[in-house]
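The structure appears below as structure tokens.
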Amino acid sequence: MNTQSTSSQSQGLLLFKLTQLQSFALGTLKIEEIVPYQPLTQIPKSDHNVLGAANFRGRTIAVIDMAAAVGYKAITEEEKKDAVILITDCSRMTVGFLVRKIERIIECNWKDIAPPPSDLGTRTYITGITRFEDTLIQLLDIELLLAQIFPDDSDHAVEITGVQKGLLQNSNILLVDDSAVARKQLETALTNIDVPFKVCKNGNDALAVMKDCAEKGNPIDILVSDIEMPGLDGYELAFEVRDLAKLAGTYIILHSSLSSNMSLARANEVGADEALTKFEAQELVNAMLKGAKQK
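For the record, in the sequence shown the residue sitting at position 125 is 126 according to my numbering, with numbers rising by one throughout.
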């Protein structure tokens with residue numbers, strides 16, 4: 002390949018406040034709309050962080066106090082009159098998040114976003130850190146928030162034959178995702194069908210693992226990567242893999258928490274074989290089987 006990918010510059014960051022001091026951010030592709038606070042209707046037996054629901058453009062959408070959900074002081078009744086609601090599209094869900102204040106939208110090269118420090122532990126709500134005008138900006142893990150507030154109790158059992166399982170067991174598989182929740186979903190899907198895999202938290206580590214495996218004569222056959230990641234995102238990772246002869250044969254599956262087709266369409270442009278809206282275990286395994294059959 003001789004064309005440079007510009008995918009990491011394809012979306013900006015919306016900056017907002019959950020406290021008076023700290024700035025947080027979400028990628029703009031996750032945000033459908035920003036609306037003023039409006040009275041909400043209580044939802045019986047809902048999570049305590051769900052303030053209620055309201056009708057937005059003909060859709061009834063639950064609204065979550067984002068500050069309280071991540072452990073900060075809940076937004077008071079007095080503060081609500083100045084607060085705003087972010088309508089988000091993520092993990093096949095449309096949900097509203099109440100935040101104290103919107104700051105601005107900034108352009109962002111996602112290569113400049115660093116993974117959070119490892120000593121933050123596995124329960125952190127942060128997927129990346131960057132700076133803007135000497136201010137520290139933390140990217141929120143919206144998938145983790147949604148998974149905790151709306152637990153998925155559905156059965157993710159996968160139907161697979163013995164022959165199909167053998168194909169996957171004989172494939173060298175690498176999973177890449179910056180979200181702890183998403184990694185757990187991917188890992189569970191393969192563990193439940195007794196298929197081995199490797200896992201990385203970001204694109205830079207994944208590329209290093211792939212190069213190392215290729216050097217040792219055991220190249221990665223199937224790469225399953227998130228699209229929206231700090232540092233080397235899924236687009237850039239796919240582009241880099243296709244640009245290296247020793248890795249170019251890898252079957253690449255990119256997935257996104259966005260329900261929009263915008264990210265998925267671009268996945269094909271950078272050389273991905275499959276593009277999925279995560280997470281559906283059977284759909285993922287079916288895509289991996291296509292890659293296994295092409296070995």
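We put the beta carbon where it would ideally sit given N, CA and C, even for glycine.
These numbers were taken from a predicted model, which means no experiment stands behind them.
*Locate the alpha helix (DSSP H) running through F240, then write down its first and last residues.*
From DSSP, the alpha helix (DSSP H) with F240 extends over G235 to D244.
*asked:* Just list the residues that DSSP pairs K102 with in beta bridges.
replied: K102 is bridged to K18.
_On the criterion of 16 or more Cβ atoms from any shown chain inside 10 Å, does K217 qualify as buried, or is it exposed?_
Burial call: exposed.
_Bridge partners - I143, DSSP secondary structure assignment_ = The partner list for I143 (beta bridge, DSSP) is empty, contrary to what the question assumes.
*Which whole-angstrom value describes the C-beta separation of L248 and A282, a residue pair presumed to lie in contact below a C-beta threshold of 8 Å?*
Contact flag wrong, Cβ pair sits at about 26 Å.
*Using DSSP with H/G/I as helix, E/B as strand and the rest coil, what is M289?*
DSSP, reduced to helix, strand and coil, places M289 within a helical segment of the structure shown.
_What does the alpha-carbon distance come out to for the pair E220 and T251?_
Reading the sequence as shown, one finds Pro at residue 220 and not Glu. Taking the straight line from one Cα to the other gives about 8 Å.
*Do you know whose CA, among E104, I35, K81 and A183, lies nearest T95's CA?*
Comparing Cα positions, the closest option is I35.
*Cα-Cα separation, F25 to F280*: In a straight line, the C-alpha of F25 is about 25 Å away from that of F280.
*asked:* For a test of the three-state rule: what should DSSP assign to T29, helix, strand or coil?
replied: Correct three-state label for T29: helix.
_Let me confirm a value: V164 is counted as buried when at least 16 other C-beta atoms fall within 10 Å, else exposed. Which label applies?_
Looking at its Cβ environment, which holds fewer than 16 other Cβ atoms inside 10 Å, V164 is exposed.
*For D178, which residues of its own chain have a beta-carbon under 6 Å away from its beta-carbon, when the five flanking residues on both sides are left out?*
Correct list, in chain order: R184 and D227.
*Could you round the C-beta distance between K294 and L187 to whole angstroms and report it? I think they count as a contact, below 8 Å.*
Contact check for K294 and L187: beta-carbon distance about 20 Å, past the 8 Å limit, so the pair fails to qualify.
*The beta strand (DSSP E) with D66 in it runs from where to where?*
Per DSSP, D66 belongs to the beta strand (DSSP E) from R60 to D66.
_Checking the sheet assignment: what are the DSSP bridge partners for F57?_
DSSP lists R60 as partners of F57.
*For the alpha helix (DSSP H) that contains A115, what are its first and last residues?*
It is not in any alpha helix (DSSP H) - A115 carries neither H nor E in the DSSP assignment.
_Assigned exposure category for S9 - 16 Cβ within 10 Å defines buried_ = For S9, the predicted structure reports a pLDDT of 44, less than 50, and the residue's modelled location is therefore unreliable. The matter cannot be settled from this model.
_N269, buried or exposed, once every other Cβ within 10 Å from all chains shown has been counted against 16_ = Counting of Cβ neighbours within 10 angstroms places N269 among the exposed residues, the total staying below 16.
*Counting Cβ pairs closer than 8 Å, one from the stretch 134-143 and one from the stretch 186-203, do we hit at least three?*
No, they do not touch.
_Please report the distance separating the alpha-carbon of N193 from that of R105._
If you take the alpha carbons of N193 and R105, they lie about 43 Å apart.
_Touch test, the stretch 81-91 against the stretch 29-44, Cβ-Cβ under 8 Å, three pairs minimum_ = With a cut-off of 8 Å, the stretch 29-44 and the stretch 81-91 count as touching, because enough Cβ pairs lie within range.
*If you draw a straight line from the alpha carbon of A190 to that of M289, how long is it in whole angstroms?*
Near 12 Å, if we compare the C-alpha coordinates of M289 and A190.
*Taking DSSP as the reference, what is the three-state secondary structure of T7?*
Note that T7 scores a pLDDT of 43, beneath 50, so its modelled location is shaky and nothing firm can be said.
*Identify every residue that forms a DSSP beta bridge with C214.*
Its beta-bridge partners do not exist; DSSP assigns none.
*Using only alpha-carbon positions, find the residue among N287, L285, S258 and K296 that is nearest to L27.*
The candidate whose alpha carbon is nearest that of L27 is S258.
_T20 versus F57: straight-line alpha-carbon distance, rounded_ = Going by C-alpha positions, T20 is about 26 Å away from F57.
*Exposed or buried, which one is G235 when buried takes at least 16 other CB atoms within 10 Å?*
Result: buried.
_DSSP state of G163 mapped onto helix, strand, coil_ = Residue state, collapsed to three classes: helix.
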